[in-house]
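Participant: I'd like to ask some things about the structure below.
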Amino acid sequence: MLFTPVKWSERWRYEELGITTAIYLIADAEYRLRWLGQANRRDGLISRLASHDSDPAKREVFANIRVLRLVDHTPAQSVDAIEGRCADVLKIREAMRPRVWPSARDWFLLTS
């Protein structure tokens, strides 16, 4: 279920998993990437997604989500590096401006 697309309206399905640390990709109805983000907090993924849902502009276009679950409480520096590496692999740093992602420098050392 985690990296399989889930409808944005069904994101509550992640609640029972108790995910605190993750990288997630949110797409529109045509599966175009609209957001790459991270959850790395005590209140978990569900709370992070709720903050996105409170934004009417995001709520209007967000249609599907994929979640890459990380080890709970992975150090913030490592999560940042993973998110940055995902941005690089997806080649979205320029395409999705003004969004800015963390640096991927040392991502391999931080995640080994």
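Numbered by this note's numbering, the letters in the sequence shown go through residues 15 to 126 in order. For each residue, glycine too, the CB sits at the ideal point set by N, CA and C.
By the 10 Å Cβ neighbour count, where 16 or more other Cβ atoms means buried, how is residue 18 classified, buried or exposed?
Facilitator: Here residue 18 is taken as the residue at index 4 of the sequence shown, counted from 1. Residue 18 is exposed by the Cβ-count criterion.
Participant: For the candidate residues 94, 111 and 49, whose alpha-carbon lies nearest to that of residue 122?
Facilitator: Within the sequence shown, numbered from 1, the residue matching residue 122 stands at position 108. Of the candidates 94, 111 and 49, the one whose C-alpha sits nearest the C-alpha of residue 122 is 94.
Participant: Kindly indicate which residue of 81, 42, 90 and 125 has the alpha-carbon position closest to the one of residue 27.
Facilitator: Position 13 of the sequence shown, counted from the first residue, corresponds to residue 27. Among 81, 42, 90 and 125, the Cα nearest to that of residue 27 is on 81.
Participant: Checking the sheet assignment: what are the DSSP bridge partners for residue 6?
Facilitator: Residue 6 is absent from the model: the chain starts at 15 and stops at 126.
Participant: What number of angstroms, rounded off, separates the C-alpha of residue 20 from the C-alpha of residue 120?
Facilitator: By one-based count along the sequence shown, residue 20 stands at place 6. By one-based count along the sequence shown, residue 120 stands at place 106. Cα to Cα, the separation comes out at about 31 Å.
Participant: Taking only the alpha-carbon atoms, compute the straight-line gap between residue 36 and residue 85 and give it to the nearest angstrom.
Facilitator: Taking the first residue of the sequence shown as position 1, residue 36 is located at position 22. Taking the first residue of the sequence shown as position 1, residue 85 is located at position 71. If you take the alpha carbons of residue 36 and residue 85, they lie about 8 Å apart.
Participant: Taking contact to mean 3 or more Cβ pairs, one atom from each stretch, closer than 8 Å, check whether the region 57 to 72 and the region 101 to 108 are in contact.
Facilitator: Cβ pair count under 8 Å is below three, so no.
Participant: Please report the distance separating the alpha-carbon of residue 33 from that of residue 83.
Facilitator: Against the sequence shown, residue 33 aligns to sequence position 19. Against the sequence shown, residue 83 aligns to sequence position 69. So the two alpha carbons sit approximately 7 Å from each other.
Participant: At which residue ranges does the region 86 to 112 contain complete alpha helix (DSSP H) runs of 4 or more residues, listed in the order of the chain?
Facilitator: Entirely contained in the region 86 to 112, the alpha helix (DSSP H) runs reaching 4 residues are, in chain order, 90 to 104.
Participant: Cβ of residue 81 versus every heavy atom of the ligand HEM: is any distance shorter than 6 Å?
Facilitator: As far as ligands go, the structure on display features none, and thus does not contain the ligand HEM.
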